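Going by the working numbering, the residue at position 172 of the sequence shown is 173; the numbering climbs one at a time, nothing skipped.
We put the beta carbon where it would ideally sit given N, CA and C, even for glycine.
All values derive from a computational prediction rather than experimental measurement.
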Amino acid sequence: MAGKPPASDPIQDAPEVGEPEHSAVGLPAITHALRISQQQMGVRRTALTLLRVNQKNGFDCPGCAWPDGDKRHTAEFCENGAKAVAEEATLRRVTPDFFAEHAVADLAERSGYWLGQQGRLTHPMYLAEGATHYTPVSWQQAFDIIGEELTALASPDEAVFYTSGRTSNEAAFLYQLFAREYGTNNLPDCSNMCHESSGTALTETIGIGKGSVHLEDLYKADLIIVAGQNPGTNHPRMLTALEKAKAGGAKIISINPLPEAGLERFKNPQTPRGLAGGGTALTDLFLQVRLGGDQALFRALNRLLLASPADDALDEPFIREHTHGFEEFARAARESDDWDETLRATGLTREEIDSALGMVLASRRTIVCWAMGLTQHKHSVPTIQEVVNFLLLRGNIGRPGAGVCPVRGHSNVQGDRTMGIFERPAPAFLDALEKEFGFAPPREHGYDVVAAIRALRDGQAKVFVAMGGNFVAATPDTDVTEAAVRRARLTVHVSTKLNRSHVVTGARALILPTLGRTERDLQGSGEQFVTVEDSMGMVHASRGRLEPAGAQLLSEPAIVARLARRVLGQDSATPWEDFERDYATIRDRIGHVIPGFENFNARVADPSGFALPHAPRDDRRFPTATGKANFTAAPVEYPHLPDGRLLLQTLRSHDQYNTTIYGLDDRYRGIKNGRRVVLVNPDDADRLGLADGSYTDLVSEWMDGSERRAPGFRVVHYPTARGCAAAYYPETNVLIPLDHTADTSNTPAAKSVVIRLERPHQD
Ligand SMILES: Nc1nc2c(c(=O)[nH]1)N[C@H]1C(S)=C(S)[C@@H](COP(=O)(O)OP(=O)(O)OC[C@H]3O[C@@H](n4cnc5c(=O)[nH]c(N)nc54)[C@H](O)[C@@H]3O)O[C@H]1N2
Ligand SMILES: Nc1nc2c(c(=O)[nH]1)N[C@H]1C(S)=C(S)[C@@H](COP(=O)(O)OP(=O)(O)OC[C@H]3O[C@@H](n4cnc5c(=O)[nH]c(N)nc54)[C@H](O)[C@@H]3O)O[C@H]1N2
Ligand SMILES: [Mo]
């Protein structure tokens with residue numbers, strides 16, 4: 002039997018703190034995954050479902066975007082993948098009775114954890130203007146309401162169409178097609194908050210905003226640098242790949258303000274040694290960088306490479322033949338030779354940087370992997386560009402075992418972008434769309450996430466539609482954002498699970514329940530599958546097998562197709578009905594519009610899928626403005642801390658998936674039964690008079706003099722870098738001003754928020 006959702010809320014947030022762990026996975030990971038799975042699904046369904054994750058005839062894990070590799074184990078799952086599956090395959094249900102029982106105002110008082118634990122949504126629900134409760138509606142009524150509001154807008158640009166990264170290629174392609182036929186490029190997505198900085202940095206420097214390595218490259222590398230990423234929690238299957246790379250002789254440098262257990266030592270549950278023995282030590286050199294110090298660190302390494310007496314320190318033929326801007330970059334790098342500043346920015350010693358240099362020089366093939374630790378700072382784009390400079394200097398791109406490896410988050414976030422979910426589409430993409438479908442797509446750029454919030458706030462956007470995700474909880478400046486969303490005429494969420502965005506609504510609101518990855522998708526032409534693209538540009542099929550969570554659920558492609566027919570009506574020559582009946586017809590069209598998808602249906606029949614083209618990786622061709630790989634010479638920046646302040650990063654605990662909270666523990670960091678904790682270096686804590694176990698408010702200070710407060714956090718003395726604190730998202734989103742974003746990518750700078758810690762206000 003599956004367990005019941007917790008009855009009480011607020012859920013007791015009473016953190017208990019022990020020692021952080023020094024290794025990840027092993028047996029405890031399996032036990033923990035099984036416990037959470039059985040609570041949601043019961044024993045039998047747990048066994049049946051978990052065996053199908055990432056199998057060749059199964060569904061793609063809805064967890065992260067790490068690739069699968071060709072040889073699959075019977076249990077090709079990780080603890081957190083299992084939790085993601087359990088969350089979707091749960092037997093708990095949120096039915097119309099639930100909504101009759103709970104007023105929306107009451108639900109808005111509940112925690113996100115409680116909302117998520119209630120189970121799967123089963124019926125389309127409607128909140129009428131002025132109503133206190135959601136009531137059931139038919140699908141037709143729901144599409145009529147959306148149609149009515151969209152038709153009433155003065156311009157299509159008053160509508161916003163958000164996407165989270167679990168949406169399949171087929172659904173994403175239809176969704177952007179519908180938005181553009183309707184007349185807008187307002188297609189913000191979670192990527193705007195995630196790897197946008199990577200996309201921006203890479204497009205300018207190497208000509209394509211995606212990573213340049215395949216899984217096999219990791220096994221050929223001499224050196225793998227993992228910067229700003231916590232794979233033990235967020236990409237656990239990456240640890241298996243790192244273990245294999247080490248077995249082949251690779252060295253690993255970890256760059257992180259926190260000593261993350263998963264990067265220290267990995268106990269592979271698929272091997273006896275991993276289950277019972279000590280596991281594998283992964284990191285050879287740990288550089289405990291300060292938050293935002295990576296650009297200074299890579300610049301220092303580059304400067305040392307430029308000055309190195311070794312004849313092979315630089316790959317001169319590569320630089321001559323394939324790159325542009327070397328001289329200017331080299332001049333800038335040689336000039337930024339203030340070591341005091343480098344050590345202040347990075348928090349490292351000269352010896353540590355020299356050790357790293359030694360490993361870099363000893364490596365013929367180097368890969369740099371990164372995630373949110375590099376992308377969510379004000380200077381993220383120049384930081385990632387400095388990583389590119391670093392790789393270009395030694396020709397570490399476009400050959401086996403070397404390259405850039407931005408590790409994506411959501412399981413199909415990369416695919417959604419490939420399908421055209423982007424507020425700034427390339428003209429060539431729009432031309433292809435126009436040619437294939439015979440309408441003139443809008444050419445003006447649309448809103449990204451932050452611009453969409455401003456437009457809602459200022460009354461310029463009036464209808465908000467979300468294909469998945471949890472917009473109000475995932476975005477910054479919670480109070481501002483919630484007020485902005487409440488100004489909308491209509492908010493619509495295509496969702497699997499209840500979340501905060503369903504209870505912070507526009508004047509009218511709709512919840513449209515949809516199938517998840519794990520579920521059978523039956524349409525007019527028979528059983529359907531969908532496709533996804535992983536972090537390394539491999540496309541493959543995903544096929545759900547479970548009975549849908551309710552008879553009323555529609556698939557995402559079906560919802561978009563029906564909405565499009567209702568809104569566009571006779572004006573549209575697009576065969577929406579065919580698309581819904583047979584997804585192969587969608588793939589045919591994708592094949593006509595998007596390079597790399599030619600003969601899509603035939604190629605995706607291969608169970609291993611196929612690789613999308615990547616000019617730098619495949620042919621050392623760089624489709625940039627200069628036709629070469631570009632060195633860049635940005636000035637070095639790093640966050641400056643006023644006296645008595647700390648720099649806060651907002652990150653994930655081990656028991657969450659973004660805004661979905663699975664539980665209240667963060668096992669590897671030694672924290673149990675609570676999320677309102679702030680990790681502070683003991684020296685900082687002493688200086689600020691903050692005893693371990695004391696309670697404090699987090700107060701962020703912004704340039705315009707405004708302040709934002711997150712009350713009641715337990716102080717945890719933790720070995721984080723000096724001056725750098727950490728606390729979980731989404732609780733801390735209230736602290737991040739809407740305008741605090743990365744230059745040029747506009748990603749909220751969620752990893753560098755200046756805060757002071759203040760004793761709680763007494764009432
Ligand atoms: N189980 C689980 N899996 C997930 C997710 C989840 O929430 N749960 N989320 C998915 C998504 S959408 C994403 S984007 C990824 C996120 O994957 P990660 O990027 O690993 O996620 P974060 O928890 O934000 O961790 C950021 C890491 O970077 C470090 N860091 C922070 N600032 C800096 C810095 O300035 N420099 C350096 N060098 N390091 C820094 C932090 O200490 C931490 O180790 O995971 C995906 N997978
Ligand atoms: N402060 C701070 N803020 C951050 C971050 C941070 O590190 N710090 N990270 C940012 C990052 S990297 C990201 S990616 C965003 C995440 O932002 P989002 O992608 O918007 O948020 P999620 O929490 O992943 O969305 C969860 C919801 O998606 C729905 N869902 C799940 N599966 C499906 C499905 O198959 N179909 C549909 N239609 N719906 C589904 C469920 O209803 C669930 O409640 O948050 C960003 N916000
Ligand atoms: Mo993400």
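beta-carbon residue i near ligand 4 non-hydrogen atom, thresh 7 Å
i    : result
A475 : In terms of ligand content, the structure shown lacks ligand 4 and carries ligand 1, ligand 2 and ligand 3 instead.
Separation of residue j from residue i, as counted between CA atoms
i    : j    : result
A101 : V95  : 11 Å
D449 : R723 : 34 Å
T660 : L151 : 29 Å
V679 : V717 : 6 Å
L649 : V755 : 6 Å
P157 : A750 : 30 Å
R266 : A467 : 39 Å
R757 : E182 : 48 Å
P640 : C191 : 25 Å
N602 : Q571 : 29 Å
I207 : T164 : 26 Å
E578 : T748 : 37 Å
G664 : Y114 : 8 Å
N500 : P258 : 31 Å
M2   : V505 : Note that M2 scores 48 on pLDDT, short of 50, meaning its location in the model is unreliable and no value can be drawn from it.
P426 : L203 : 16 Å
R88  : R121 : Checking the sequence, you will find Glu at residue 88 rather than Arg. In a straight line, the C-alpha of E88 is about 9 Å away from that of R121.
T16  : V681 : Residue identity check: residue 16 is Pro in the sequence provided, not Thr. The alpha-carbon atoms of P16 and V681 are separated by roughly 15 Å.
P712 : Q377 : 23 Å
S139 : D522 : 20 Å
F472 : A489 : 14 Å
Reduced DSSP category for residue i - H, G, I as helix; E, B as strand; rest coil
i    : result
S753 : coil
T482 : helix
K245 : helix
P137 : strand
A467 : strand
A311 : coil
K252 : strand
H741 : coil
A334 : helix
I672 : strand
F714 : strand
Y584 : helix
L349 : coil
Ligand 2 heavy atom lying under 7 Å from the CB of residue i
i    : result
C65  : no
A228 : no
E557 : yes
L652 : yes
V495 : yes
A751 : yes
Q119 : no
Any non-hydrogen atom of ligand 1 closer than 7 Å to residue i Cβ
i    : result
T234 : yes
Q529 : no
L259 : yes
G59  : no
D69  : no
Y639 : no
V290 : yes
Heavy atom of ligand 3 within 7 Å of residue i beta-carbon
i    : result
H503 : no
G410 : yes
C191 : yes
Q195 : It is Cys, not Gln, that sits at residue 195 in the sequence shown. The answer is yes for C195.
Beta-carbon separation (whole angstroms), residue i vs residue j, contact threshold 8 Å
i    : j    : result
L243 : I254 : 12 Å between Cβ atoms; not a contact.
T168 : G538 : Wrong, their Cβ atoms sit about 18 Å apart, outside the cutoff.
V408 : M239 : 7 Å
So within the region 495 to 581, which uninterrupted beta strand (DSSP E) runs reach at least 3 residues, ignoring any that extend past its ends? 509 to 514, 531 to 534 and 539 to 543
Counting only runs that start and end within the region 151 to 236, where is the alpha helix (DSSP H) found for 4 or more residues in a row? 170 to 183, 197 to 207, 216 to 221 and 232 to 235
Counting only runs that start and end within the region 378 to 449, where is the alpha helix (DSSP H) found for 4 or more residues in a row? 381 to 394, 414 to 419 and 428 to 438
Starting from the N-terminal side, write out each stretch of the alpha helix (DSSP H) that is 4 residues or longer and does not extend beyond the region 260 to 295. 262 to 265 and 273 to 277
Write down every uninterrupted run of the beta strand (DSSP E) in the region 614 to 695 whose length is 3 residues or greater and which is fully enclosed by it, in chain order. 647 to 652 and 678 to 681
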